[in-house]
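Let me begin by presenting the structure, written as C-alpha cells, before commenting on it.
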C-alpha cells in the first residue's frame with residue numbers, strides 16, 4: 001500500500017524519508033478504535049485523531065462552518081493533520097480546489113500511507129502532502145496567485161493537541177499569501193518598464209563596456225563588506241563609517257550616494273535595482289560617480305550605463321522569465337536573488353563575492369518618528385491606516401513589526417515583506433556573519449544587532465582595484481534568441497488574425513519571453529477568469545498592442 005501511494009507523491013524528499021522508515025517503527029504508540037458510525041478512528045498515544053461519534057460527519061460539518069466562500073480549481077485548501085484520511089476524502093469530494101496536507105508527525109504519516117489507499121486522490125494532480133512546514137510554504141509560494149482563495153482546515157481533536165502549532169502554522173500560511181500578493185503587485189506594476197529597460201540595457205551593453213557581476217564571485221574572500229542602506233540610522237553612523245573607511249569594502253544603495261558624498265565618503269560599489277527614479281539620485285554627482293563602480297540589475301533604469309562609473313557590473317535576476325530565456329543562449333550568465341530590494345540585492349551580491357562578514361548601516365526598515373530616510377524625507381499618516389512618504393506618489397499600508405529593542409515599531413507593509421525576504425535569504429544561504437547596526441529598526445532574524453563601535457572588521461587589504469583590473473567586458477548573445485522571439489510573435493499575429501481567443505494564443509504568448517513580459521497582468525487575469533467575455537476582448541486588444549510595442553522597441557534598440 002505504501003509504495004502505491006508513494007508513486008503519486010510529488011515530493012522526493014518526503015518520499016525518501018518515508019521509504020527509509022519501517023512499519024514496526026511507525027506503528028509504535030498507534031492504535032485504533034471503532035466510532036459509533038462504525039468507522040475506524042486512529043489513536044496516537046491514546047488520543048483519537050478523528051471524531052469518535054462520526055468522523056466523516058464531523059469533518060463535513062467543520063468544512064461547511066469554516067469555508068464560507070465558493071472554492072474554485074485555482075484555490076487552495078490546506079489541511080492540518082491527516083488522521084485516517086476522512087478530512088482529505090471529504091475535502092476532495094466537496095471542493096475542486098488544490099489540497100495541501102500538512103502532517104507534522106512523519107511516523108503517523110508513514111503508518112497511514114501504509115494502511116490507507118489514497119492513490120486516486122494523489123494521482124489527481126491536485127493533492128500535495130508535506131511533513132515539513134518550510135517545504136509546504138515554499139510550494140504554496142510557487143503556486144499561489146494574487147486572487148486565489150486560501151483556507152486552512154483541521155481535525156478538531158488533533159488541533160486540541162497541537163493548538164499552538166496550528167495557530168503558528170495558520171499565521172505562516174497567510175503571511176506567505178500576503179507576501180506573494182505584494183510581490184505579484186510589484187511585478188505587475190513594473191513588468192512593462194522592466195521590458196523596456198532590459199532591451200535598452202542589452203543594446204547599450206553590446207555597444208560599450210560592461211562586465212558580468214559573476215566575474216567578481218569569490219574574489220573578496222576574508223574581507224568585510226559594509227552596506228550603506230537609506231534608513232534614518234545611517235546618519236548616526238556616518239562619521240564612524242568615515243573614520244573606519246579603510247577597514248571594509250563599501251557598498252551604497254543608490255539612494256545613499258548623495259549623503260555619502262556630502263560627508264566625503266566614496267563607496268567602492270553603488271548598487272542599482274529600481275526600474276525608475278534612479279536618475280534623480282545621480283543628479284549632480286558625476287564627480288563622485290567617476291571614482292566608484294556600479295552593480296546594476298539588467299532590468300533597472302538604463303541611466304546607470306550612461307554615467308561615468310569606473311566599471312559597471314551587470315546582475316541578472318534569478319526569477320525573471322526573460323532572463324531565464326536569455327540564459328538558454330548565454331549559458332555563462334549567473335543569476336542572483338534580489339528580493340525586490342536594493343539592500344537585499346547588495347547582501348546576496350556580497351555573499352557571492354565571498355565576503356566573510358557583511359555589516360549594514362541604515363538598514364532600519366522602519367520609521368524613526370516621522371523620518372523615512374537618512375536624506376531627511378518624512379512619512380505622513382493618511383488617517384486610513386496608510387502612510388505616504390515625501391517624494392513618493394503612492395500610499396502604503398502602515399503596519400507594526402518587532403524592533404531590535406523588543407518593542408513594536410511602525411513601518412510600511414512592503415517593508416514588512418522585505419523583512420521576510422531578508423530572513424528567508426539569510427536562512428537559505430546559511431549566512432552566519434550578517435550584522436545590523438540599527439538602534440531602533442526592525443528585528444531581522446538571522447542578523448546580529450550590534451553597535452558600530454563593537455564591530456571587529458577583520459581588517460585585510462582592500463584588493464578592489466586589483467580585482468577590478470582583471471575583469472573583461474562581455475556581450476549578450478541575442479541573434480538566436482531574437483530569431484526565436486520573432487517566430488513566436490509571427491505565430492501570435494497568425495492566431496490574432498482568426499479574430500478569436502484560444503488556448504493556443506495563451507500558450508504562444510507564454511513561450512515568448514518578450515510578449516509574456518509585456519502581458520503578464522493580462523495573462524494572469526485570463527487564467528483566473530477564463531470565461532469572462534470583457535476580459536477576453538481586452539486581452540485580444542492588449543495582445544495587438546504588445547506586438548506593436550515589442551517590435552518597435554527591438555527596432556529602436558537596434559536588436560532587429
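Numbering (the numbering used here), first residue to last: 1 to 560. No residue lacks a Cβ here, since even glycine has one placed at the ideal position from N, Cα and C.
Note on residue 294: 16 or more other CB atoms within 10 angstroms of its CB, so buried under the neighbour-count rule. With a cut-off of 8 angstroms on Cβ pairs, the segment 116-124 is not in contact with the segment 63-74, counting fewer than three such pairs. Between residue 420 and residue 398, the gap from beta carbon to beta carbon reaches 8 angstroms or more.
In the structure shown, residue 61 falls within a helical segment according to DSSP collapsed to helix, strand and coil. Within the segment 403-462, the complete beta strand (DSSP E) runs of at least 3 residues fall at 408-412, 434-436. By the C-beta density criterion, residue 527 is exposed, having fewer than 16 other C-beta atoms within 10 angstroms. Under the 8 angstroms Cβ criterion, the segment 357-373 does not count as touching the segment 509-522, having fewer than three qualifying pairs.
In this structure, the alpha-carbon of residue 115 lies about 18 angstroms from that of residue 131. In the structure shown, residue 211 adopts extended strand secondary structure according to DSSP, grouped into three states. Taken in chain order, the complete beta strand (DSSP E) segments of 3 or more residues contained in the segment 339-408 are 357-361, 379-381, 386-389, 396-402. A contact between stretches requires three or more CB pairs, one per stretch, nearer than 8 angstroms, and the segment 485-494 fails this requirement with the segment 440-449. DSSP places residue 314 in the uninterrupted beta strand (DSSP E) bounded by 312-317. By the Cβ neighbour-count rule, residue 343 is buried, with 16 or more other Cβ atoms within 10 Å of its own. In this structure, residue 544 sits near residue 496, with a CB-CB distance shorter than 8 angstroms. With three or more CB-CB distances shorter than 8 angstroms, the segment 339-357 counts as touching the segment 420-439. Excluding sequence positions up to five before and after residue 190, its CB lies within less than 7 angstroms of the CB of 275, all in the same chain and listed in chain order. The segment 99-118 and the segment 202-210 do not touch, with fewer than 3 CB-CB distances between them shorter than 8 angstroms. Out of 66, 49, 5, the CA that lies nearest to the CA of residue 128 is found in 5. The secondary-structure analysis by DSSP pairs residue 503 with nothing; it has no beta-bridge partner. In the DSSP assignment, the residues bridged to residue 48 are 43.
With fewer than 16 other beta carbons inside 10 angstroms of its own, residue 534 counts as exposed. Between residue 9 and the set 30, 113, 38, the nearest pair of CA atoms involves 113.
Assignment of residue 515 by DSSP, reduced to helix, strand and coil, places it in the helix class. Within the same chain, and ignoring the five residues on either side of residue 263 in sequence, the residues whose Cβ sits closer than 7 angstroms to its Cβ are 238, 242.
Non-local C-beta neighbours of residue 96 in its own chain, meaning closer than 6 angstroms and more than five positions away in sequence, comprise 73, ordered along the chain. Where residue 86 is concerned, the enclosing alpha helix (DSSP H) starts and stops at 86-94. For residue 478, there is no enclosing beta strand (DSSP E), as DSSP gives it neither H nor E. When the Cα atoms are used, residue 194 and residue 327 turn out to be separated by approximately 17 angstroms.
Cβ-Cβ separation between residue 83 and residue 42: approximately 6 angstroms, consistent with a contact (criterion under 8 angstroms).
For residue 554, the CB contacts under 6 angstroms within the same chain, skipping 5 residues up- and downstream, are 560 in chain order. Taking a C-beta distance under 8 angstroms as the contact criterion, residue 323 and residue 347 do not qualify as a contact pair. Here residue 23 is exposed: its Cβ has fewer than 16 other Cβ atoms, across all protein chains shown, within 10 Å. For residue 287, the uninterrupted alpha helix (DSSP H) run begins and ends at 286-289, by DSSP. Beta bridge pairing from DSSP links residue 98 with 76. In the DSSP annotation of this structure, residue 303 is not part of any alpha helix (DSSP H), being labelled neither H nor E. At least 8 angstroms separates the beta-carbon of residue 248 from that of residue 266.
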